[in-house]
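According to our numbering, the residues represented by the sequence shown are 338 to 483, in order. These notes concern the structure reproduced below.
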Amino acid sequence: MVVQTMDRPKVAEKIECNVVKPQITVFHCINALSNAALLDYDNCDIESVKLPCSSMSRELVFLKAFESGADAVVVLVCPENSCRYLQGSLRTAKRVNRVKKLLDEIGLDGRRINLYNIHNGDVRAAEKIIENTLTDLAFLGPNPAA
(Lines of atoms letter the chains of each structure in order from A and count residues from 1; the text may use other names and numbers.)
(Lines give C-alpha, C1' and ligand atoms only; values in the text may rest on other atoms or scores of the structure.)
Protein backbone atom coordinates (compact mmCIF):
# COMPACT_ATOMS: atom_id res chain seq x y z
CA MET A 1 0.00 0.00 0.00
CA VAL A 2 1.39 3.37 -1.05
CA VAL A 3 0.53 6.36 1.05
CA GLN A 4 0.77 9.69 -0.66
CA THR A 5 1.54 12.75 1.35
CA MET A 6 0.30 16.06 0.19
CA ASP A 7 2.09 19.29 0.87
CA ARG A 8 0.03 21.74 2.78
CA PRO A 9 -0.60 25.01 1.01
CA LYS A 10 1.40 27.90 2.37
CA VAL A 11 -0.61 30.35 4.39
CA ALA A 12 -0.17 33.93 3.36
CA GLU A 13 1.13 36.05 6.16
CA LYS A 14 -0.99 39.03 5.25
CA ILE A 15 -4.00 39.05 2.99
CA GLU A 16 -5.07 42.39 1.64
CA CYS A 17 -8.74 42.62 0.89
CA ASN A 18 -10.13 45.40 -1.25
CA VAL A 19 -13.85 45.52 -0.71
CA VAL A 20 -15.53 46.92 -3.79
CA LYS A 21 -19.12 48.08 -3.76
CA PRO A 22 -21.38 46.29 -6.25
CA GLN A 23 -22.45 48.43 -9.17
CA ILE A 24 -26.08 48.26 -10.24
CA THR A 25 -27.43 50.04 -13.30
CA VAL A 26 -31.14 50.78 -13.08
CA PHE A 27 -33.00 51.46 -16.32
CA HIS A 28 -36.40 52.86 -15.49
CA CYS A 29 -39.39 54.23 -17.28
CA ILE A 30 -40.32 57.63 -15.83
CA ASN A 31 -43.86 56.32 -15.53
CA ALA A 32 -42.66 53.46 -13.32
CA LEU A 33 -40.16 55.37 -11.19
CA SER A 34 -39.69 59.06 -11.80
CA ASN A 35 -36.61 59.53 -9.63
CA ALA A 36 -34.16 56.70 -8.97
CA ALA A 37 -32.04 59.13 -6.93
CA LEU A 38 -34.35 58.19 -4.07
CA LEU A 39 -32.58 54.81 -4.10
CA ASP A 40 -29.55 55.79 -2.05
CA TYR A 41 -27.50 52.93 -0.63
CA ASP A 42 -24.17 53.00 1.18
CA ASN A 43 -23.33 49.40 0.29
CA CYS A 44 -23.62 49.72 -3.50
CA ASP A 45 -23.31 52.20 -6.34
CA ILE A 46 -26.49 52.76 -8.32
CA GLU A 47 -26.46 54.36 -11.74
CA SER A 48 -29.84 55.57 -12.93
CA VAL A 49 -30.82 55.61 -16.60
CA LYS A 50 -34.13 57.44 -16.95
CA LEU A 51 -36.21 56.64 -20.06
CA PRO A 52 -39.43 58.20 -21.36
CA CYS A 53 -40.62 54.63 -21.93
CA SER A 54 -38.85 51.36 -21.18
CA SER A 55 -39.35 50.34 -24.81
CA MET A 56 -36.67 52.92 -25.71
CA SER A 57 -34.04 50.55 -24.31
CA ARG A 58 -32.20 48.12 -26.57
CA GLU A 59 -30.19 44.95 -25.99
CA LEU A 60 -26.95 46.72 -26.88
CA VAL A 61 -27.50 49.34 -24.18
CA PHE A 62 -27.96 46.64 -21.54
CA LEU A 63 -24.76 44.93 -22.69
CA LYS A 64 -22.90 48.26 -22.63
CA ALA A 65 -23.86 48.62 -18.97
CA PHE A 66 -22.08 45.34 -18.21
CA GLU A 67 -19.12 46.38 -20.33
CA SER A 68 -18.94 49.61 -18.30
CA GLY A 69 -18.64 47.64 -15.08
CA ALA A 70 -22.18 47.00 -13.86
CA ASP A 71 -22.43 43.86 -11.75
CA ALA A 72 -26.19 43.78 -12.29
CA VAL A 73 -28.79 45.53 -14.40
CA VAL A 74 -32.30 46.19 -13.11
CA VAL A 75 -35.03 47.25 -15.52
CA LEU A 76 -38.11 48.83 -13.95
CA VAL A 77 -41.19 49.01 -16.15
CA CYS A 78 -44.88 49.78 -15.81
CA PRO A 79 -47.21 46.98 -14.73
CA GLU A 80 -48.38 44.73 -17.56
CA ASN A 81 -51.21 46.24 -19.60
CA SER A 82 -50.63 49.63 -17.94
CA CYS A 83 -48.02 51.05 -20.28
CA ARG A 84 -49.01 54.46 -21.65
CA TYR A 85 -47.34 53.46 -24.91
CA LEU A 86 -49.41 50.28 -25.28
CA GLN A 87 -46.88 47.43 -25.15
CA GLY A 88 -43.64 49.10 -24.10
CA SER A 89 -43.08 46.92 -21.06
CA LEU A 90 -43.84 43.77 -23.07
CA ARG A 91 -41.26 44.70 -25.72
CA THR A 92 -38.71 45.41 -23.02
CA ALA A 93 -39.40 42.05 -21.36
CA LYS A 94 -38.57 40.29 -24.64
CA ARG A 95 -35.33 42.26 -24.94
CA VAL A 96 -34.31 41.47 -21.37
CA ASN A 97 -34.97 37.76 -21.98
CA ARG A 98 -32.75 37.85 -25.07
CA VAL A 99 -29.96 39.47 -23.07
CA LYS A 100 -30.41 36.87 -20.29
CA LYS A 101 -29.89 34.09 -22.83
CA LEU A 102 -26.86 35.83 -24.29
CA LEU A 103 -25.29 36.33 -20.86
CA ASP A 104 -25.80 32.63 -20.12
CA GLU A 105 -24.17 31.71 -23.44
CA ILE A 106 -21.06 33.82 -22.80
CA GLY A 107 -20.70 32.71 -19.18
CA LEU A 108 -21.73 35.90 -17.34
CA ASP A 109 -24.94 34.39 -15.92
CA GLY A 110 -28.33 35.68 -17.07
CA ARG A 111 -29.42 36.27 -13.49
CA ARG A 112 -27.41 39.51 -13.60
CA ILE A 113 -30.23 41.26 -15.50
CA ASN A 114 -33.83 41.33 -14.35
CA LEU A 115 -37.02 43.13 -15.27
CA TYR A 116 -39.61 44.16 -12.71
CA ASN A 117 -43.07 45.64 -13.10
CA ILE A 118 -43.72 48.33 -10.50
CA HIS A 119 -46.49 50.83 -9.98
CA ASN A 120 -45.76 54.50 -10.55
CA GLY A 121 -43.62 55.92 -7.78
CA ASP A 122 -43.52 52.76 -5.64
CA VAL A 123 -40.14 53.49 -4.04
CA ARG A 124 -40.58 50.73 -1.44
CA ALA A 125 -40.93 48.13 -4.18
CA ALA A 126 -37.86 49.53 -5.92
CA GLU A 127 -35.88 49.38 -2.66
CA LYS A 128 -36.91 45.75 -2.16
CA ILE A 129 -35.80 44.97 -5.73
CA ILE A 130 -32.38 46.53 -5.06
CA GLU A 131 -32.04 44.56 -1.81
CA ASN A 132 -32.90 41.31 -3.65
CA THR A 133 -30.38 42.19 -6.37
CA LEU A 134 -27.69 42.73 -3.74
CA THR A 135 -28.52 39.34 -2.23
CA ASP A 136 -28.18 37.73 -5.67
CA LEU A 137 -24.87 39.52 -6.25
CA ALA A 138 -23.52 38.13 -2.97
CA PHE A 139 -23.95 34.70 -4.60
CA LEU A 140 -22.95 35.66 -8.16
CA GLY A 141 -19.96 37.81 -7.25
CA PRO A 142 -18.58 40.74 -9.21
CA ASN A 143 -18.95 41.07 -12.97
CA PRO A 144 -16.16 38.94 -14.47
CA ALA A 145 -16.17 41.08 -17.63
CA ALA A 146 -15.41 44.32 -15.76
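The beta-carbon is built from N, C-alpha and C at its ideal position, and this holds for glycine as well.
- Assignment of alpha helix (DSSP H) within the region 364-435, counting only whole runs of 4 or more residues, yields 396-404 in chain order.
- Look at the beta carbons and you see the region 447-464 touching the region 357-374: at least three pairs across the two are nearer than 8 Å.
- G425 is a Cβ neighbour of S391, given a cutoff of 9 Å.
- One alpha carbon belongs to M393, the other to F364, and they sit about 10 Å apart.
- Residues of the same chain with a CB within less than 8 Å of the CB of A482, apart from the 5 flanking positions on each side, are F403, E404 and L445 in chain order.
- Distances from the alpha-carbon of K437 to those of E417, S419, E464 and A409 put A409 closest.
- Per the DSSP secondary-structure output, I450 pairs in a beta bridge with V410.
- No residue range can be given for V357, since it is assigned to no alpha helix (DSSP H) and is classified by DSSP as neither H nor E.
- Secondary structure at I466: helix, using DSSP grouped into helix, strand and coil.
- The three-state reading of DSSP puts I361 in strand, counting E and B together.
- Here DSSP, grouped into helix, strand and coil, assigns I443 to helix.
- Minimum Cα-Cα distance from V433 among the listed residues V398, D459 and P359 corresponds to V398.
- If you draw a straight line from the Cα of D473 to the Cα of N380, it is about 14 Å long.
- In summary, V411 is buried, with 16 or more beta-carbon neighbours lying within 10 Å of its beta-carbon over all protein chains present.
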